[in-house]
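Everything on this sheet refers to the single structure shown next.
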Amino acid sequence: MGTHLLVSVVDDDESVRESLPDLIKEFGFAVQAFASAQAFLASPYLDLTHCLILDVAMPGMSGPDLQRELLRRDYRIPVIFITAHGDASEQAKLLNGGAVECLFKPFSEAQLLKALSAALPLD
């Protein structure tokens, strides 16, 4: 499906950083995981990332803050937000802010695949 397309996951929850990349790899994507927005911004993967999966609430720079910073730097990377604490109004705000999707944890494999398919071109 998405061979060679890099999906970067930014989430402060270690269990998400350990489990989500395995699932994304099963879909045929390359993947890198980061514990913070700052770690992602400082990484060599910033210029290589085709899609970002961002936790909404993280210490320091939040997911929406990272999205705004990327836009300020003129990066147009499709964003899929994930959150354990969101509601429909927050979801609408994130989508109106340019996110491809906002998934509520726990989400299904099908929901993630649908969001990735919307964010990335298919082979």
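Going by the UniProt record's numbering, the letters in the sequence shown line up with residues 1 to 123, in that order. We put the beta carbon where it would ideally sit given N, CA and C, even for glycine.
Alpha carbon of residue i to alpha carbon of residue j, nearest angstrom
{"i": "phenylalanine 81", "j": "arginine 73", "result": "19 Å"}
{"i": "histidine 4", "j": "alanine 42", "result": "21 Å"}
{"i": "serine 89", "j": "glutamine 111", "result": "19 Å"}
{"i": "lysine 105", "j": "lysine 25", "result": "19 Å"}
{"i": "leucine 20", "j": "phenylalanine 27", "result": "11 Å"}
{"i": "arginine 68", "j": "phenylalanine 40", "result": "14 Å"}
{"i": "leucine 71", "j": "aspartate 87", "result": "24 Å"}
{"i": "alanine 35", "j": "arginine 17", "result": "8 Å"}
Check whether residue i and residue j have beta carbons under 8 Å apart
{"i": "leucine 94", "j": "cysteine 102", "result": "yes"}
Nearest candidate by alpha-carbon position, reference residue i, set the options
{"i": "isoleucine 53", "options": "Glu69, Ala99, Glu90, Asp47", "result": "Ala99"}
{"i": "serine 117", "options": "Ser62, Cys51, Thr83", "result": "Cys51"}
{"i": "alanine 115", "options": "Gly97, Pro78, Ala30, Leu46", "result": "Pro78"}
{"i": "glutamine 38", "options": "Glu18, Gly63, Phe107", "result": "Gly63"}
{"i": "residue 125", "options": "Ala30, Pro44, Phe104", "result": "Because the chain spans 1 through 123 in this model, residue 125 falls outside it and cannot be assessed."}
{"i": "aspartate 47", "options": "Gly97, Tyr75, Arg17", "result": "Tyr75"}
Chain-order list of residues whose beta-carbon lies under 7 Å from that of residue i (same chain, five-residue window excluded)
{"i": "glutamate 109", "result": "Leu23"}
{"i": "threonine 49", "result": "Leu6, Ser8, Ile77"}
{"i": "histidine 85", "result": "Ala57"}
{"i": "asparagine 96", "result": "none"}
Chain-order list of residues whose beta-carbon lies under 6 Å from that of residue i (same chain, five-residue window excluded)
{"i": "glutamine 32", "result": "Ser8, Tyr45"}
Beta-carbon contacts of residue i that lie in its chain and below 8 Å, excluding the five residues immediately before and after
{"i": "aspartate 65", "result": "Ala37"}
Check: Counting Cβ pairs closer than 8 Å, one from the segment 51-65 and one from the segment 3-21, do we hit at least three?
Finding: The segment 51-65, when compared against the segment 3-21, does touch it at the 8 Å Cβ threshold.
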